[in-house]
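Single-structure report; data block below.
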Amino acid sequence: MARWVSQLRKGVIELCVLGTLSEGEAYGYQILQHMASVDGLSVTESTVYPILARLAKDRLLSVRVADSPAGPPRRYYRLTSEGRQRLDEMKDSWDLLRQAVDSLVSGGNHESQKP
Amino acid sequence: MNHRNLKLNPAARRRLDEYLDQVERLLMDSAVEREQRRSIVDDVEGQALEMLRSRTSQPDDSDVQAVIASLDPAEDYVRAAAGDTQQPAGQPAGRPEPQAAAPSATLPEAADGAGSPRFSRTAIIGALMLVPLLFFTPLALSGRMLLFTHAGSSGMMFPFGSLILLVPFLFLIPMCILGVVAISRIRHSEGRLYGMGLAVFDALLLPLLLLNGAVFSFLRMQPLHMGWPHYQALPFVRLGMLLACAALNCLIVWWVWRQVKKPPASTQPGGRFLQSNIRII
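Those sequence lines, one after another, are chains A and B. Just so we're aligned: 137 in the working numbering is position 72 of the first sequence, and the numbers increase by one with no gaps anywhere. Just so we're aligned: 294 in the working numbering is position 280 of the second sequence, and the numbers increase by one with no gaps anywhere.
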């Protein structure tokens, strides 16, 4: 993978984890499968689980361990109020960033701003 | 975590535990906190058992082996826990090819998207403080000699002459501060900065010189003034103190080096997110 792609994915994955959990609580493997199903995101467990652990440590996520209907107990993650606030902040930052990059990459605004 | 609904035979359980232990050991070696380690390992275990359950109701050793081969290598968790989501070199995005887990937990030196890793400028500037030190020391020595020649070593001249010698060493204070700053920046750069050896040298030179200076001053004191009763044993005492001082120097350098090589505690997720993306722009 090109280095710039890897750098771009940094931080964005954290936003995606929080975004996934904004739809409701989910366990680790479920979050991973959901994110892996999105084209272009290309995440694996070694990326997602450390982020989940860090977000839980920072109290942006709460954790609940519960038996599954037919299988091993699962660790369910849920957004806390701080996590939801962080998600909103990150979404705002992402929107600004995307607009800024779009305006530079497309070049349309660049030409129109000339006197 | 106790997974009651899935029966693993002892050999299969042992194989899975070995993989999980390896992940946890590598995380522990990288100073990831216990709570986070347990959380990561529990999630990996949960996933492995779910994958096994989807294969068969009674998985054996070969099933576990196949599932482990499809999971990420243990050292990838270290990289991710340290904040680097870059895939190993030569591997495509997504799941890497199964490979034998290496025993080393060494973090790769990732390059910045804006360029290659570079040497820490702060560490270099800190080291440049040695230049005025080397330049002013002969001047200070000459000035002190001139002072004593013309004014003698009595009265106020002696302490003043000694103070002149200290002036060049004042440059070691900013050198030490810059060294500490360089260490912090290198540790938080996630591989974009290197030069930790020089940064540690900058930071430690002043404290070690002070320590060694104090020991040598003590050794130069006259034994009679010290009230030392065993005059013949003095050379051995001096030698012992020199060896102890050398050992202490090594111990300090080793301890500091171990501390600075540990990954820093995770920063605020939002801050990291913004830092990563601002750097892209």
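No residue lacks a Cβ here, since even glycine has one placed at the ideal position from N, Cα and C.
Assuming residue i is part of the alpha helix (DSSP H), what are its boundary residues?
{"i": "residue 111(A)", "result": "110-122"}
{"i": "residue 53(B)", "result": "48-69"}
{"i": "residue 84(B)", "result": "75-84"}
{"i": "residue 275(B)", "result": "248-275"}
{"i": "residue 185(B)", "result": "Unbroken run through residue 185(B): none, as it is neither H nor E."}
{"i": "residue 221(B)", "result": "210-234"}
{"i": "residue 42(B)", "result": "24-43"}
{"i": "residue 181(B)", "result": "Per DSSP, residue 181(B) belongs to no alpha helix (DSSP H) and is neither H nor E."}
{"i": "residue 98(A)", "result": "93-101"}
I'd like to know whether the C-beta atoms of residue i and residue j end up nearer to each other than 9 Å.
{"i": "residue 212(B)", "j": "residue 183(B)", "result": "no"}
{"i": "residue 80(B)", "j": "residue 30(B)", "result": "no"}
{"i": "residue 94(B)", "j": "residue 115(A)", "result": "yes"}
{"i": "residue 186(B)", "j": "residue 134(B)", "result": "no"}
{"i": "residue 90(A)", "j": "residue 141(A)", "result": "yes"}
{"i": "residue 225(B)", "j": "residue 140(B)", "result": "no"}
{"i": "residue 106(A)", "j": "residue 126(A)", "result": "no"}
{"i": "residue 274(B)", "j": "residue 214(B)", "result": "yes"}
{"i": "residue 77(A)", "j": "residue 96(A)", "result": "no"}
{"i": "residue 270(B)", "j": "residue 220(B)", "result": "no"}
{"i": "residue 78(B)", "j": "residue 45(B)", "result": "no"}
{"i": "residue 83(B)", "j": "residue 36(B)", "result": "no"}
{"i": "residue 20(B)", "j": "residue 67(B)", "result": "yes"}
{"i": "residue 210(B)", "j": "residue 197(B)", "result": "yes"}
{"i": "residue 154(A)", "j": "residue 124(A)", "result": "no"}
{"i": "residue 87(A)", "j": "residue 149(A)", "result": "yes"}
{"i": "residue 229(B)", "j": "residue 259(B)", "result": "yes"}
{"i": "residue 216(B)", "j": "residue 159(B)", "result": "no"}
{"i": "residue 82(A)", "j": "residue 100(A)", "result": "yes"}
For residue i, decide whether its Cβ has a neighbour in chain A, counting only Cβ atoms nearer than 9 Å.
{"i": "residue 157(B)", "result": "no"}
{"i": "residue 117(B)", "result": "With a pLDDT of 36 at residue 117(B), under the threshold of 50, the modelled position of that residue is not reliable, and no figure is offered here."}
{"i": "residue 34(B)", "result": "no"}
{"i": "residue 220(B)", "result": "no"}
{"i": "residue 208(B)", "result": "no"}
{"i": "residue 286(B)", "result": "Residue confidence is low: residue 286(B) scores 48 on pLDDT, short of 50, so the model does not pin down where it sits. Its coordinate-derived value is still stated next. Output row for residue 286(B): interface = yes."}
{"i": "residue 51(B)", "result": "yes"}
{"i": "residue 38(B)", "result": "no"}
{"i": "residue 60(B)", "result": "yes"}
{"i": "residue 81(B)", "result": "no"}
{"i": "residue 30(B)", "result": "no"}
{"i": "residue 274(B)", "result": "no"}
{"i": "residue 214(B)", "result": "no"}
{"i": "residue 113(B)", "result": "In this prediction, residue 113(B) scores a pLDDT of 39, lower than 50, which makes its location untrustworthy; the coordinate-derived value is nonetheless stated afterwards. Taking Cβ atoms only, chain A never reaches closer than 9 Å to residue 113(B), which makes this a no."}
{"i": "residue 46(B)", "result": "yes"}
{"i": "residue 110(B)", "result": "Since pLDDT at residue 110(B) reaches only 46, below the 50 mark, its modelled position is unreliable, and no value is offered."}
{"i": "residue 107(B)", "result": "With a pLDDT of 46 at residue 107(B), under the threshold of 50, the modelled position of this residue cannot be trusted, and the question is left open."}
State the start and end residues of the unbroken beta strand (DSSP E) segment that holds residue i.
{"i": "residue 127(A)", "result": "126-131"}
{"i": "residue 161(A)", "result": "Premise fails: residue 161(A) lies in the alpha helix (DSSP H), 146-171, not in any beta strand (DSSP E)."}
On a Cα-Cα basis, can you pick out the residue from the options that is closest to residue i?
{"i": "residue 234(B)", "options": "256(B), 215(B), 223(B)", "result": "256(B)"}
{"i": "residue 53(B)", "options": "159(A), 155(A), 94(A)", "result": "94(A)"}
{"i": "residue 130(A)", "options": "92(A), 86(A), 170(A)", "result": "92(A)"}
{"i": "residue 22(B)", "options": "195(B), 74(B), 41(B), 45(B)", "result": "74(B)"}
{"i": "residue 119(A)", "options": "200(B), 49(B), 34(B)", "result": "49(B)"}
{"i": "residue 41(B)", "options": "59(B), 90(B), 252(B), 86(B)", "result": "90(B)"}
{"i": "residue 132(A)", "options": "86(B), 261(B), 64(B)", "result": "64(B)"}
{"i": "residue 58(B)", "options": "71(B), 86(B), 72(B)", "result": "86(B)"}
{"i": "residue 251(B)", "options": "232(B), 72(B), 132(B), 223(B)", "result": "232(B)"}
I want to see whether chain B comes within less than 9 Å of residue i, judged by CB atoms only; does it?
{"i": "residue 88(A)", "result": "no"}
{"i": "residue 144(A)", "result": "no"}
{"i": "residue 102(A)", "result": "no"}
{"i": "residue 179(A)", "result": "Below a pLDDT of 50, predicted positions are generally treated as unreliable, and residue 179(A), at 46, falls in that range; the measurement from the model is reported next regardless. Chain B, which has no Cβ nearer than 9 Å to the Cβ of residue 179(A), makes this no."}
{"i": "residue 91(A)", "result": "no"}
{"i": "residue 176(A)", "result": "For residue 176(A), the pLDDT reaches just 49, beneath the cut-off of 50, and the residue's location in the model is therefore unreliable, although a value from the coordinates is still provided. By this cut-off, residue 176(A) is not an interface position."}
{"i": "residue 124(A)", "result": "no"}
{"i": "residue 139(A)", "result": "yes"}
{"i": "residue 149(A)", "result": "no"}
{"i": "residue 84(A)", "result": "no"}
Closer than 7 Å by beta-carbon distance: list the chain A residues that pair up with residue i, in chain order.
{"i": "residue 94(B)", "result": "111, 112, 115"}
{"i": "residue 363(B)", "result": "Nothing can be reported for residue 363(B), as the shown portion of chain B is limited to 15 through 295."}
{"i": "residue 90(B)", "result": "111"}
Heavy atom of the ligand NAP less than 8 Å from the Cβ of residue i, yes or no?
{"i": "residue 73(B)", "result": "In the structure on display, the ligand NAP does not appear, and there are no ligands present to speak of."}
What residues from chain B crowd round residue i, counting only those whose CB sits closer than 9 Å?
{"i": "residue 129(A)", "result": "None at all; the shortest Cβ gap to chain B is about 13 Å."}
Against residue i, what residues of chain A qualify as contacts under a CB-to-CB distance less than 9 Å, listed in chain order?
{"i": "residue 86(B)", "result": "109, 110, 111, 112"}
{"i": "residue 72(B)", "result": "Per Cβ cutoff of 9 Å: no residues; residue 72(B) is ~14 Å from chain A at best."}
Spell out whether any CB of chain E is found under 9 Å from the CB atom of residue i.
{"i": "residue 157(B)", "result": "Any reference to chain E falls outside this structure, whose protein chains are A and B."}
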